[in-house]
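Residues in the sequence shown are numbered from 0 upward in steps of one, following numbering that gives the first Met the number 0. Structure first, then comments.
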Amino acid sequence: MNVLIIGTGYVGMNTGVVLTYLGNRVTCLDVNEEKIALLKQGKSPVFEPHLEETLQLVRENIKFTSSYAEADIPNTDVVFITVGTPSLPDGNADLRYVRQAAESIAENLGEKFTVVVNKSTVPIGSGNWVEAIMHEHFQNNHNNGEKPDFNVVSSPEFLAQGSAMHDSFYPDRIVVGSQCERSVERLQELFGPLLRQDFPAPPALPRPEGLTEVPLLVCDLTSAEMIKYAANAFLALKISYVNEIGRLANKVGADIQAVSKGIGLDKRIGNRFLNAGLGWGGSCFGKDTAALVATARDYRLEMPIIESARAVNYSQRVLAVDLLQEKLKILKGKHVALLGFSFKPNTDDLRDAPSIDISKLLIQRGALVRAHDPVALTNARSHYGNLGVVFCDEVGEALKDAEAIVLVTEWPEYRDLDWESIPPVPIIDGRNFLDKDQLEGLGFPVIGIGR
Ligand code: UGA
Numbered sequence: 000m001n002v003l004i005i006g007t008g009y010v011g012m013n014t015g016v017v018l019t020y021l022g023n024r025v026t027c028l029d030v031n032e033e034k035i036a037l038l039k040q041g042k043s044p045v046f047e048p049h050l051e052e053t054l055q056l057v058r059e060n061i062k063f064t065s066s067y068a069e070a071d072i073p074n075t076d077v078v079f080i081t082v083g084t085p086s087l088p089d090g091n092a093d094l095r096y097v098r099q100a101a102e103s104i105a106e107n108l109g110e111k112f113t114v115v116v117n118k119s120t121v122p123i124g125s126g127n128w129v130e131a132i133m134h135e136h137f138q139n140n141h142n143n144g145e146k147p148d149f150n151v152v153s154s155p156e157f158l159a160q161g162s163a164m165h166d167s168f169y170p171d172r173i174v175v176g177s178q179c180e181r182s183v184e185r186l187q188e189l190f191g192p193l194l195r196q197d198f199p200a201p202p203a204l205p206r207p208e209g210l211t212e213v214p215l216l217v218c219d220l221t222s223a224e225m226i227k228y229a230a231n232a233f234l235a236l237k238i239s240y241v242n243e244i245g246r247l248a249n250k251v252g253a254d255i256q257a258v259s260k261g262i263g264l265d266k267r268i269g270n271r272f273l274n275a276g277l278g279w280g281g282s283c284f285g286k287d288t289a290a291l292v293a294t295a296r297d298y299r300l301e302m303p304i305i306e307s308a309r310a311v312n313y314s315q316r317v318l319a320v321d322l323l324q325e326k327l328k329i330l331k332g333k334h335v336a337l338l339g340f341s342f343k344p345n346t347d348d349l350r351d352a353p354s355i356d357i358s359k360l361l362i363q364r365g366a367l368v369r370a371h372d373p374v375a376l377t378n379a380r381s382h383y384g385n386l387g388v389v390f391c392d393e394v395g396e397a398l399k400d401a402e403a404i405v406l407v408t409e410w411p412e413y414r415d416l417d418w419e420s421i422p423p424v425p426i427i428d429g430r431n432f433l434d435k436d437q438l439e440g441l442g443f444p445v446i447g448i449g450r
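Shown next as structure tokens:
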């Protein structure tokens, strides 16, 4: 099929590369010409394991452009909207890029039936809004009374950064929100190889053992939009829940890791997203929980569980600094090394990263902060150069003369550091990730979260 992807962020790039790999002719459009120039050279604008190498595999069949005319919408079967929807200060999502995309698609529609798929995380009800904008814009641009032939579908994306390629090839489910039969049939065909899992696995991304099919859930548009928010909010709740239990574990002398394991073994609960620590960051959980609360407010509804999960999450960052202060007594003038700056491993993304709040708090309380990250330093320097943190290319530089260490991101290489050669100082293990026994054996006081 002919596919157009509008927006080349994580979701757009992964969708584009995967659909090309599955045999479609794909065009990726982005109004940012710098990104397009980079992509034309075969380089990904985002750091994501296996993305660039898979892009190399499909390069012949994927096109990049900033021009809607070149994107040839009249001959496109499916258009995906995968533009950014950042948070506004009131928690609502900023839909200006979605509107621009909808208007541009409408302007360029041809005679053929076109399926427009919203993959960006948009507030509940936005599918209808996109459809209305497109109709209005089409009429404004075609004054001969012609009727456009298109349908807007919601098919939310569930990939996680750092494992985005894997999640796109081997999803837990595919959701298609539409009551239009033609759209559902077309998407069933487009997603067919993923549903049947009958494509040859890319060399670097072997198919998980036993995966023979992926469930497809077809529902109405609004429910599909809600599934995305409800899923993210649930995962966020799980993390905040375990962090809240972790605080009590700390008081009563229990170990949250044992507790997590014990509750996760109950199949009704499941063991994932039960790691206590600094809580969630990234572009999704904070933004989506805020948007869900804001949507509920439009209906004069409170969301106390989600609001509490947010409060618990952001106070974990303060807790880490408090724990360090309790240990060192005086933070003023102390050299603190931060290990990791990205919001999670395998990404250079710093959106809502706990490292930023932790750095600010430490600096406010008078500490001198040096930070290392294996891939996020370019982003850190360009977006957070004024934070007052010294960013170090070598981990040894960050650790030099450190009087305390805070492990913020669980990059595997931090576990494998030559700890014997590092003078023992207190460590706040913000992800309960380091080998506590080994480090304590070497004389490092290790303070985990909820342990
Ligand atoms: C999340 C969801 O996992 C995806 O399913 C969803 O598609 C995506 O948001 C999105 O809406 O686009 P992502 O934010 O990339 O994906 O990363 P996660 O792996 O979910 O991690 C989010 C944060 O939670 C990270 O900061 C991580 O360190 C933290 N986390 C995760 C914990 O603190 N504890 C855990 O047990 C798991």
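By construction, the Cβ of each residue, glycine as well, lies at the ideal position given by its N, Cα and C atoms. Computed from a prediction, not measured in an experiment: that's the story for all the values here.
{"query": "Helix, strand or coil at Thr377 [DSSP, three-state]", "result": "helix"}
{"query": "Buried versus exposed call for Leu220 [16 or more other C-beta atoms within 10 Å across all chains shown]", "result": "buried"}
{"query": "His371 - containing beta strand (DSSP E), residue span", "result": "Leu367 to His371"}
{"query": "Which of helix, strand or coil DSSP assigns to Val2", "result": "strand"}
{"query": "Identity of the residues DSSP links to Arg24 by a beta bridge", "result": "Asn1"}
{"query": "Glu212 to Leu193 span [Cα, whole Å]", "result": "8 Å"}
{"query": "Endpoints, the beta strand (DSSP E) within which Ser153 is located", "result": "Phe149 to Ser153"}
{"query": "Cβ-Cβ distance between Val174 and Ile226 below 8 Å", "result": "yes"}
{"query": "Residue environment, Gly429, which counts as buried when at least 16 other CB atoms sit within 10 Å", "result": "buried"}
{"query": "First and last residue of the uninterrupted alpha helix (DSSP H) at Leu247", "result": "Leu220 to Val251"}
{"query": "Backbone CA spacing between Leu108 and Leu3 [nearest angstrom]", "result": "12 Å"}
{"query": "DSSP-derived helix/strand/coil call for Ile80", "result": "strand"}
{"query": "Where Lys260 sits in the DSSP three-state scheme", "result": "helix"}
{"query": "Strand pairing of Leu338, partner residues [DSSP]", "result": "His371 and Leu406"}
{"query": "Length of the line joining the Cα atoms of Leu189 and Ile244", "result": "44 Å"}
{"query": "Val114 (DSSP reduced to helix, strand or coil)", "result": "strand"}
{"query": "Proximity of Pro48 and Gly161 at Cβ, strictly below 8 Å", "result": "yes"}
{"query": "Top-ranked residue by Cα proximity to Asn150, from Phe390, Gln178 and Asn91", "result": "Gln178"}
{"query": "Bounding residues of the alpha helix (DSSP H) (the contiguous stretch that carries Phe532)", "result": "Because the chain is modelled from 0 through 450, residue 532 falls outside the range shown and cannot be assessed."}
{"query": "Burial state of Val317, where buried means 16 or more other Cβ atoms lie within 10 Å", "result": "exposed"}
{"query": "heavy atom of the ligand UGA below 7 Å from Ile173 C-beta", "result": "no"}
{"query": "Start and end residues, alpha helix (DSSP H) containing Thr53", "result": "Leu50 to Val57"}
{"query": "Distance cut-off 7 Å: Gly276 Cβ against heavy atoms of the ligand UGA", "result": "yes"}
{"query": "Where the beta strand (DSSP E) containing Gly276 begins and where it ends", "result": "Taken as a continuous stretch (DSSP letters only), Gly276 belongs to no beta strand (DSSP E), as it is neither H nor E."}
{"query": "Cβ-Cβ distance between Asn57 and Val115 below 8 Å", "result": "At residue 57 the sequence reads Val, which differs from the Asn that was named. Contact flag unset, no."}
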